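Participant: Got a structure for you, written out below as structure tokens; questions coming shortly.
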């Protein structure tokens, strides 16, 4: 097929960037060598356990969901599925004042998205989760 291309007729189909491909292969090798998928699952388990415990204590948490190290907490007005932006703002502000940066996400900006680095030590992860718990307790 490549033999049939004429002058000025070669498009992006055959123009793969070898440097970008090498970088991608290097990234995949690092993921495998450093067992980052396993690490994401370990982090995810710590987070899910802590977040589900929070959900049992605080009715403002409507749902905890995610995969591996990427987790989310949906904030609702207790007893409803209505987004709770006031609680969201208060939790973000509390966490920021304590040095934990969290992001709002979701269609209604009432979801806390958590995606800690895979190299984060477990004691720091638990400390951050403790601060998030404090934020909910302060509502």
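Numbering (the numbering used here), first residue to last: 4 to 142.
Glycine included, C-beta positions come from ideal geometry on N, C-alpha and C.
None of these values were measured; they are calculated from a predicted model.
Ends of the alpha helix (DSSP H) at residue 57?
Facilitator: It spans 39–60 - the alpha helix (DSSP H) in which residue 57 sits, taken as one unbroken run.
Participant: For residue 74, does the count of other Cβ atoms within 10 angstroms reach 16, so buried, or fall short, so exposed?
Facilitator: Looking at its Cβ environment, which holds 16 or more other Cβ atoms inside 10 Å, residue 74 is buried.
Participant: List the DSSP bridge partners of residue 63.
Facilitator: None, per the DSSP bridge assignment.
Participant: Can you check whether the CB of residue 43 is closer than 8 Å to the CB of residue 121?
Facilitator: In contact: residue 121 and residue 43 (Cβ atoms closer than 8 Å).
Participant: So if DSSP puts residue 79 in a beta bridge, which residue, or which two residues, is it bridged to?
Facilitator: DSSP, once it has assigned bridges, lists 86 as partnering residue 79.
Participant: Going by the CB atoms, is the gap between residue 67 and residue 129 shorter than 8 Å?
Facilitator: Result no, Cβ atoms of residue 129 and residue 67 do not sit closer than 8 Å.
Participant: Assuming residue 112 and residue 88 make a contact with CB atoms under 8 Å, what is their CB distance in whole Å?
Facilitator: Between residue 88 and residue 112 the Cβ distance is about 6 Å, and since that is below 8 Å, they are a contact.
Participant: Using the Cβ count rule (16 or more neighbours within 10 Å means buried), how would you classify residue 77?
Facilitator: That one is buried.
Participant: Just to confirm, is the Cβ distance from residue 72 to residue 97 under 8 Å?
Facilitator: Contact: no.
Participant: Residue 101 to residue 134, Cα distance in whole Å?
Facilitator: Their Cα atoms are separated by approximately 7 Å.
Participant: Cα-Cα, which of 132, 126, 94, 99 is closest to residue 114?
Facilitator: Closest option to residue 114, Cα to Cα, is 94.
Participant: Got a sec, what are the start and stop residues for the beta strand (DSSP E) residue 106 sits in?
Facilitator: Note, residue 106: beta strand (DSSP E), 106–108.
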